[in-house]
Structure formats: structure tokens, C-alpha cells
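Novice:
Residue numbers (my numbering): 15 to 781.
As C-alpha cells, this is what we get:
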């Protein structure tokens with residue numbers, strides 16, 4: 015019986031579906047069982063004659079392949095029972111170390127024969143105040159304190175545990191000071207060449223002007239700060255900064271052009287090797303060299319695979335269409351690394367190029383046809399990637415179309431060729447300066463334009479978190495909009511975007527409210543939502559390198575939950591673990607009211623929270639509770655924390671900041687007592703110097719939440735505090751174990767915990 019034909023595109027889709035399906039599992043079978051399933055599926059796929067049998071077999075085969083990789087990667091992770099253990103490891107530095115002030119962050123690949131105590135995969139380390147920080151390609155012996163990869167889990171937030179799995183990071187930690195730390199040797203490697211090229215670019219045109227050139231030339235984004243990335247995201251040009259597949263094509267074109275010039279100068283070479291083959295090989299070599307120097311990111315690998323397939327097809331006297339090339343590249347990526355589906359760049363890269371191939375074809379020749387194709391291609395990419403960007407990141411840019419019409423041709427056809435040629439002749443400053451200086455000037459002018467466009471209306475569009483169905487409908491709508499002429503009602507494709515951009519809202523009723531105690535590590539951030547208003551109480555800590563929980567956790571959560579804008583920001587006091595992210599909140603919502611117990615310690619203007627101040631939103635009352643000052647002595651910063659009571663018709667929330675037991679003893683029982691069932695945050699993250707028995711008897715909470723970092727050095731929450739709450743019948747939740755916690759306060763029922771973001775475990779890479 016003849017075999018039913020199955021296209022390479024269908025096989026690639028089945029393979030991607032299999033690899034993706036595994037990532038939705040809460041646990042993985044042992045890798046040996048997955049291997050047996052994969053072998054059986056391979057046998058069925060090879061022997062079956064019907065396409066409807068072979069395609070499911072391919073799906074199962076790639077699902078098993080992905081499960082094998084996932085299980086092996088999880089088995090290699092640092093055991094949680096050994097968290098905080100000091101280990102001596104020997105290995106070499108990979109990738110490009112990042113300097114953050116006086117600290118250095120880098121990835122160390124331990125030697126394969128590192129001993130029984132050493133980790134069996136890459137570890138991400140930080141060396142605080144390193145006098146002689148490690149550089150690329152060096153081999154070191156270090157005493158490090160390791161822990162299993164673990165991050166915060168919040169609505170709309172990133173998932174660092176998933177990123178660690180995809181990048182095969184088995185442990186994180188920091189270098190311990192000690193005499194045994196020593197640089198053992200230096201070597202030559204590709205990352206070392208990248209680092210030297212970056213330093214040479216800094217020397218030629220200045221560190222500030224070279225930061226974007228380095229990203230384009232060698233994929234070195236270390237010089238870009240948070241403001242640069244914000245401009246790139248707001249204008250939709252991030253794909254140009256991170257080396258895109260099109261830039262690899264430009265490098266390949268340069269190789270083809272050089273080969274053609276060589277044959278013009280030496281025509282007798284055609285007697286030895288046909289010119290077409292030499293051009294193809296030169297293009298592949300140039301693209302490969304550029305890809306290696308660029309760090310071999312996913313778009314780079316995809317483009318290299320497609321170019322390699324074109325070259326091999328040419329050597330075999332065969333032609334392959336673009337869709338088949340993309341499908342073969344997809345299969346190759348999934349065979350090499352089936353966990354690539356965990357990276358957002360995987361979907362943006364293959365999805366964007368696939369949509370472009372299916373929906374945009376040249377309709378005319380000449381420069382007008384080229385401009386028309388460029389216009390349609392940019393419009394298609396902007397609209398096609400809009401649903402995926404909203405789903406993956408919670409935000410997108412409506413000015414990206416206009417920004418890319420200017421930036422894409424300028425960067426791809428002028429700046430990138432100038433930068434690449436300038437890097438080739440870096441050894442000759444006179445020649446490199448002629449090429450790099452115009453490129454730097456053009457990029458500087460372009461960046462000023464993009465910075466202005468980032469402030470346009472629509473530069474940062476956000477929607478509430480939604481499921482896969484709205485994403486699928488919006489993607490189909492984009493395809494419908496750009497379908498070939500003749501398909502009726504193409505403009506109606508825009509209607510399929512409505513479920514994504516206008517998701518259903520489940521707002522609290524009058525007199526009810528909701529709160530989310532976010533997982534910000536060792537700090538505090540709480541969201542409170544009434545029917546039509548939002549309050550943020552504290553904004554989490556600031557991190558090294560200019561990052562903070564306000565921008566990285568609080569704002570994405572507000573967006574994902576669909577509860578923006580923020581009407582009021584309360585910063586309990588000025589400590590960094592409570593106020594570190596507040597500036598980001600104020601920057602995004604400058605009209606929000608600002609209140610604090612220590613406004614003079616903040617970086618923005620705020621009013622002091624006055625005890626007894628009361629206001630009402632949607633039938634919910636907000637009141638600052640009186641915290642009397644001591645009669646003698648100085649009030650500590652913690653005891654100046656604003657204590658906020660939020661009272662609905664059937665429940666009360668008490669937000670306590672870092673209040674200590676000295677201030678608690680000064681508070682009166684009358685100001686703390688309430689007939690309503692009470693939920694409280696445990697003061698000072700569960701410090702043993704807070705929440706004494708007298709205070710708990712006055713408050714009488716039913717639920718309590720401690721916001722504390724995983725295995726934090728303070729031991730918060732202290733076991734005695736947890737036991738004290740438990741002895742009084744109080745259910746205690748800790749964010750480092752629960753993730754973000756949502757508590758509902760209905761209008762006609764007592765408050766209850768509606769969801770914990772880390773429980774139940776719904777992904778196998780979460781502990």
C-alpha cells in the first residue's frame with residue numbers, strides 16, 4: 015500500500031505541538047519511560063502508511079524527546095536539601111560577565127570531573143565587590159554558596175525557574191571570600207573574541223555611543239540600561255537590537271558579494287569550482303562567523319539553519335521554497351533543543367517569519383514594488399506579533415509600525431553593514447573609524463527619534479492576562495486581515511482581536527474588595543482592588559543594577575490583572591525593601607495620590623499619612639490606624655510605618671508594614687479591634703520582634719500572610735511567630751512558599767484565600 019504523503023510543514027507543526035504539550039505537565043515521567051515511548055512512536059511513524067497515524071506518532075515522539083530533556087535537566091538541578099551549602103568548584107567562565115557597580119555576575123561551567131559534591135551543570139554566580147573579577151574564557155577555582163534555582167511567582171510576572179531550565183542553569187549562588195579562590199588559567203574562545211571586539215568598539219567611539227553598536231555586532235547588550243530597553247519595547251524595535259535573523263542574511267549577502275568580486279578578479283577560479291557554489295559557501299561561512307560572534311541566539315540559529323539548507327539544496331541541484339526552509343529549520347531546532355519552546359523568542363521568531371511568508375508576497379517589480387512589499391511586510395509583522403506580544407509580555411506597542419518603517423531599513427541596510435565592515439578592519443583605526451563613526455552617528459540620531467516616539471500615545475498598550483483561545487482568535491484575525499485579495503470581509507478580521515484586548519472583567523461588587531499580597535522576595539507589595547479603584551501598598555525592594563520590584567513585579571501584575579490605573583500609592587516607610595520599587599509606580603502613574611510614613615526618605619514628593627484619615631471607594635472604607643509615638647526616646651523608621659485598615663461590608667484587611675512590638679504595645683485595643691473577620695500582613699515579614707500575643711488578641715485575625723524571601727538570611731518568618739499565630743487558630747501563608755496570594759473579601763461572606771500562585775504545582779519545573 016503506498017504511503018500517504020505528509021508535508022514537511024505538517025511534520026514541523028506536529029513536532030512543535032508535541033514539544034509544547036509536555037510543558038503543560040505538572041510532573042514528568044522518568045526519562046527511561048519517555049525513551050521507550052519515543053522509540054515506539056518512531057517505529058509507528060516509520061511503518062505506518064496513513065498520514066493520520068504518522069502525524070500523531072510524530073507528535074508523541076517529539077513529546078517524549080522533550081520529556082527526556084526536561085527530566086534530565088531537572089535531575090541535574092542542585093538538590094534543595096543542600097541549599098546554602100558551601101562548595102569548592104572548578105570551571106571556566108562562559109558567555110560575557112556583567113558588571114553591576116562593584117559586583118560581577120557570570121556563568122560558570124564546572125569541569126566534568128568536578129567531584130561528587132560539585133554541580134553537574136552551569137551555575138549562575140555573583141561575586142560581590144570582587145577586586146579582580148573573572149573575565150570570559152578564564153578557568154577558576156572558587157568557594158561558592160549555592161541554592162536551587164527559585165524565583166518569585168506573580169500574576170503576569172516572569173518565571174525565572176523556567177528560564178533557568180531553558181538555559182540549563184542548575185544552581186544559583188554567590189562567591190564566598192576565601193584564600194582558596196584563584197584564577198587557574200586563561201584561554202582563547204569565541205566569547206573572548208566577542209569581549210575584545212566590544213572593548214575595541216568602546217575605545218574607538220566611546221562607551222556610551224558604542225552600547226547599541228555592540229549589541230548589533232556581537233550581541234553584547236551589557237551596556238544597555240533599563241531606559242534603553244524601555245524605549246526599545248515602547249517602539250517595538252527590540253528585535254533590531256537583539257541580533258535578528260535578517261542581520262544574519264545581510265552578513266550572508268556580504269559573503270556572496272565578496273565571492274562574486276573574487277571571481278570577477280580571478281575568472282579562472284570557475285574552472286576549479288562553479289561560481290554559484292562558491293558564492294553559497296562564502297555566504298554560509300560569513301553568516302556562520304557572524305552568528306558565532308553574535309552569541310548564537312535563537313533567531314540567529316534559525317537563520318543559519320535556513321541558509322545551510324539553501325546551500326545544501328543548491329549543492330544537490332534542488333530548490334526549496336521558503337515555507338519548507340522554515341519548517342526544516344524548526345525541526346532542526348526542536349531536534350537539537352526541544353526545550354526551546356519555553357523561550358518567548360522561539361514563538362516570536364518562527365511565528366513572525368512564518369506569518370510573513372504566508373501573508374506577504376511581492377506584487378510588483380522595481381523600487382515601487384520593493385517599497386510596497388516593505389510597507390506590507392512591516393504592517394503584517396506589527397499586527398501579527400501584536401497578539402503574541404500581548405500574551406507573552408502583557409504589553410505591546412502601537413507605534414511600532416511607524417518606528418520600524420524608519421528603523422528597520424536604516425539599521426538593516428546601512429548601520430549593520432557599516433558595523434560589520436568596521437569590525438573586520440578594527441586592527442586599522444583609520445579604516446574602522448571611517449565606517450564606525452557614521453554608524454554611531456546614525457544610531458544616535460535614530461535613538462533620539464525613538465525616545466521621542468516612546469512618549470506618543472499608544473506606545474505602551476497593555477491588556478489583562480488572558481488564555482490561549484483569545485490569542486488563537488486574534489492570530490487568526492491577523493491572518494484574515496492579510497489574506498490574499500478575493501477573500502471576502504477581510505476587514506472583519508479585526509473583530510477577532512476583541513476577546514484579547516477586551517477580556518471579561520470580574521470586578522468586586524459594591525462593598526467588596528480583593529487583595530493580592532505579591533511575591534517580591536524579602537520585601538512587601540500589596541494590591542487592593544475595589545469595584546473601580548486600585549491601591550498599591552508598598553512596592554517591593556530595589557535590586558542591584560537599577561532594577562526594582564515595582565517595574566518587574568508590581569506593574570506587570572497590575573497589567574495582568576486588568577486593574578490599572580493605580581489611584582493611590584501608600585509607602586509604609588522608607589526602607590528599600592518596601593520603597594525600592596515606588597519610583598517605578600510613580601513614573602507609570604504620575605497622577606496617583608502618594609502617602610507615606612516617611613515621605614522625606616522617598617525620591618518623589620509624597621504626603622505624610624495622618625492617623626485617622628479616612629476615605630471610601632465603592633462602599634469600602636480605608637483608614638490609617640493611629641500608631642502613638644513613644645513618650646521618651648526616638649521613633650524608629652519601622653515604627654513610623656503607616657498602618658492601613660481596609661474595611662468592606664464583611665471583612666477587614668490590616669496592612670502593617672514593618673511595625674515592631676514597641677509600637678504595637680502603644681496602640682490601643684479600641685483602634686485595633688473590629689467585629690469583622692480580619693486578614694493581616696504579618697509585620698516586618700515575620701520578625702520575632704513583631705506580632706506579640708497582646709497585639710494578636712486585640713486584632714483577632716483569621717488569616718495572616720508573611721511576605722518573605724526564600725531561605726532569607728534573617729530567618730523570616732521566625733518559627734515562634736508562626737507558632738504564635740497557629741496557637742490562636744490563625745492560618746498563616748508565606749509568599750516564599752505560596753507565591754503571590756489572592757484574598758477575596760466578598761460583600762456577604764467572610765474573606766478567604768482564592769488562589770496561591772505556586773500551589774498547586776502546575777508546571778514540572780516549579781518546586
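From the three backbone atoms N, C-alpha and C, an ideal C-beta is built for every residue, glycine too.
DSSP state of residue 478, grouped into three classes?
Specialist: Correct three-state label for residue 478: coil.
Novice: Does DSSP put residue 635 in a helix, a strand or coil?
Specialist: Residue 635 falls in the strand class under three-state DSSP.
Novice: By alpha-carbon positions, which one of 323, 596, 105, 279 ends up nearest to residue 199?
Specialist: The candidate whose alpha carbon is nearest that of residue 199 is 105.
Novice: Near residue 613, which residues of its chain fall below 6 Å by C-beta distance, leaving aside the five closest residues on each side in sequence?
Specialist: 620, 622.
Novice: Helix or strand or just coil, what does DSSP make of residue 470?
Specialist: Coil at residue 470, not helix or strand.
Novice: Could you check whether the stretch 735 to 745 touches the stretch 695 to 706, counting it as contact only if at least three pairs of C-beta atoms, one from each stretch, sit closer than 8 Å?
Specialist: Output reads yes: the stretch 695 to 706 touches the stretch 735 to 745.
Novice: Comparing alpha-carbon positions, which option in 778, 393, 568 lies nearest residue 597?
Specialist: Comparing Cα-Cα distances from residue 597 to each of 778, 393, 568, the minimum goes to 568.
Novice: On the three-state DSSP scale, how would you describe residue 676?
Specialist: Correct three-state label for residue 676: helix.
Novice: Below 8 Å, how does it come out for the stretch 146 to 163 and the stretch 79 to 97: are there three or more Cβ pairs, yes or no?
Specialist: Yes: at least three Cβ pairs fall under 8 Å.
Novice: Would you mind stating whether residue 764 and residue 691 have Cβ atoms separated by less than 8 Å?
Specialist: Yes, the pair counts as a contact, with Cβ atoms nearer than the cut-off.
Novice: With H, G and I counted as helix, E and B as strand and the rest as coil, what does DSSP make of residue 613?
Specialist: Note: residue 613 maps to helix in three-state DSSP.
Novice: Got a sec: is the Cβ-Cβ distance from residue 22 to anything in chain B below 8 Å?
Specialist: Absence of chain B from the displayed structure is noted, only one protein chain being present.
Novice: Whole angstroms are fine: how far does the CA of residue 674 sit from the CA of residue 406?
Specialist: Approximately 41 Å, taken between the alpha carbons.
Novice: Among residues of its own chain, excluding the 5 on either side of residue 15, which ones have a beta-carbon nearer than 7 Å to its beta-carbon?
Specialist: Note that residue 15 scores 42 on pLDDT, short of 50, meaning its location in the model is unreliable; the coordinates nonetheless yield the value given after this. The answer, listed in chain order, is 63.
Novice: Quick check for students: name the residue ranges of the alpha helix (DSSP H) that lie wholly in the stretch 379 to 465, counting only runs of 4 or more.
Specialist: Counting whole runs of 4 or more residues, the stretch 379 to 465 contains the alpha helix (DSSP H) stretches 380 to 407, 414 to 424, 430 to 438.
Novice: Quick one: grab the DSSP three-state call for residue 618.
Specialist: Looking at residue 618 - three-state DSSP - the assignment turns out to be coil, as it is neither helix nor strand.
Novice: How is the beta strand (DSSP E) around residue 552 delimited, first residue to last?
Specialist: From DSSP, the beta strand (DSSP E) with residue 552 extends over 548 to 553.
Novice: Tell me the residue span of the beta strand (DSSP E) that contains residue 117.
Specialist: That run of the beta strand (DSSP E) goes 117 to 124.
Novice: According to the Cβ coordinates, are residue 723 and residue 535 closer than 8 Å?
Specialist: Yes, Cβ-Cβ distance for residue 723 and residue 535 is below 8 Å.
Novice: In the DSSP assignment, what are the bridge partners of residue 188?
Specialist: For residue 188, which the question treats as bridged, DSSP gives the partners 140, 159.
Novice: Looking at the strands, I want to know which residues DSSP matches up with residue 114.
Specialist: According to DSSP, residue 114 bridges with 117.
Novice: Between which two residues does the beta strand (DSSP E) containing residue 724 stretch?
Specialist: It is not in any beta strand (DSSP E) - residue 724 carries neither H nor E in the DSSP assignment.
Novice: Suppose you measure from the CA of residue 53 to the CA of residue 167; what does that come to, to the nearest Å?
Specialist: Rounded to the nearest angstrom, the two C-alpha atoms are 36 Å apart.
Novice: Given residue 420, which residues of its chain have a CB within under 8 Å of its CB, disregarding the five upstream and five downstream residues?
Specialist: Around residue 420: 460, 463.
Novice: Could you give the C-beta distance for residue 29 and residue 72, rounded to a whole number, given that I count them as a contact under 8 Å?
Specialist: Confirmed, about 6 Å.
Novice: Taking residue 36 as part of the beta strand (DSSP E), name the residues at either end of that continuous run.
Specialist: No beta strand (DSSP E) contains residue 36, which is instead part of the alpha helix (DSSP H) from 22 to 36.
Novice: Hey, quick one: how far does the alpha helix (DSSP H) through residue 76 stretch, first residue to last?
Specialist: Run containing residue 76: 65 to 89, per the alpha helix (DSSP H) assignment.
Novice: With a cut-off of 8 Å on the beta carbons, I'd call residue 450 and residue 218 a contact; round off their distance for me.
Specialist: About 6 Å separates the two Cβ atoms, so the contact holds.
Novice: In terms of residue numbering, what span does the alpha helix (DSSP H) encompassing residue 92 cover?
Specialist: Element bounds for residue 92: n/a, residue is neither H nor E.
Novice: Tell me, please, which residues DSSP counts as bridged to residue 208.
Specialist: In the DSSP output, where bridge partners are listed per residue, residue 208 has none listed.
Novice: CA-CA distance, residue 88 and residue 781?
Specialist: Roughly 10 Å between the two C-alpha positions.
Novice: Taking the Cβ atom as the reference point for each residue, do residue 687 and residue 671 lie within a distance shorter than 8 Å?
Specialist: No, they are not a contact pair.
Novice: On the three-state DSSP scale, how would you describe residue 771?
Specialist: Coil, per DSSP.
Novice: Are the beta-carbon atoms of residue 431 and residue 264 separated by less than 8 Å?
Specialist: A contact, by the Cβ cut-off of 8 Å.
Novice: Find out if the Cβ-Cβ distance for the pair residue 664, residue 169 is shorter than 8 Å.
Specialist: No, the Cβ-Cβ distance between residue 664 and residue 169 is not below 8 Å.
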